[in-house]
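For the sequence shown, the positions run 8 to 154 when our numbering is used. Read the structure below first, then the notes.
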Amino acid sequence: MPNTKDEFYSLIKLADDGNSEANWMVSVIYQQSGNNVEAEKYYQRSIDRQDDYMGPSAVNLGYMYDKNNNIKKAMELFHQAGDAGYYGGYQAVGTECFLGRDIPLDFEKARFYYKKAAELGCYECQYYIDNWDGVVKLKMKDLKIEK
8 MPNTKDEFYS
18 LIKLADDGNS
28 EANWMVSVIY
38 QQSGNNVEAE
48 KYYQRSIDRQ
58 DDYMGPSAVN
68 LGYMYDKNNN
78 IKKAMELFHQ
88 AGDAGYYGGY
98 QAVGTECFLG
108 RDIPLDFEKA
118 RFYYKKAAEL
128 GCYECQYYID
138 NWDGVVKLKM
148 KDLKIEK
């Protein structure tokens, strides 16, 4: 992580020259500082290049779209990350289906995507699958719905 403005500009130069790790760092720094326009540019670059940070970039960018009420674009990015082998993408799809905030609540779809994420290495998702009845019961209680 850069400690000075000059180090940050050097990091941007590395990112602009094709360094995928520098590109990732610049993306995250911009997002955390609230400069979503620049963050989106660098995340999209990672996605377009299909570099080592493509999956996490797609998920982070997806969450940015979700926060701005564009769930359709967010879900596209989450699927893209999952399809590329990054479990965080399918985990995000499963979570959206499980929470039912911006899309209809759908436990069957949530379980399906958590299972796909677990197959890619998501231990948290595997826990959900292994304890599915209890997880759903807690959610139903949270929603004040009797089963």
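The beta carbon of each residue, even a glycine, is placed where N, CA and C say it ideally should be.
Excluding sequence positions up to five away, which residues of its chain have a Cβ less than 8 Å from the Cβ of residue i?
| i | result |
| --- | --- |
| residue 136 | 118, 121, 122 and 125 |
| residue 70 | 81 and 99 |
| residue 87 | 54, 65 and 96 |
| residue 61 | 53, 54, 88, 91 and 93 |
Would you mind reading off the limits of the alpha helix (DSSP H) that contains residue i?
| i | result |
| --- | --- |
| residue 132 | 130-137 |
| residue 60 | First-last for residue 60: undefined, no H or E at that position. |
| residue 89 | 78-90 |
| residue 18 | 12-23 |
| residue 169 | Since the first residue shown for the chain is 8 and the last is 154, residue 169 is missing from the structure and cannot be characterised. |
Kindly indicate which three-state DSSP category residue i falls into: helix, strand or coil?
| i | result |
| --- | --- |
| residue 110 | coil |
| residue 32 | helix |
| residue 97 | helix |
| residue 141 | helix |
| residue 127 | coil |
Using a Cβ-Cβ cut-off of 7 Å (strictly less than) and excluding sequence neighbours within five positions of residue i, which residues of its own chain qualify?
| i | result |
| --- | --- |
| residue 101 | 117, 120, 121, 124 and 132 |
| residue 45 | 37 |
| residue 156 | Residue 156 lies beyond the residue range present for the chain, which begins at 8 and ends at 154; the question has no answer from this structure. |
| residue 9 | 15 and 18 |
Could you name the residues of the same chain whose beta carbon sits closer than 6 Å to that of residue i, not counting the 5 residues immediately before and after it, in chain order?
| i | result |
| --- | --- |
| residue 103 | 110 |
| residue 84 | 65, 68 and 69 |
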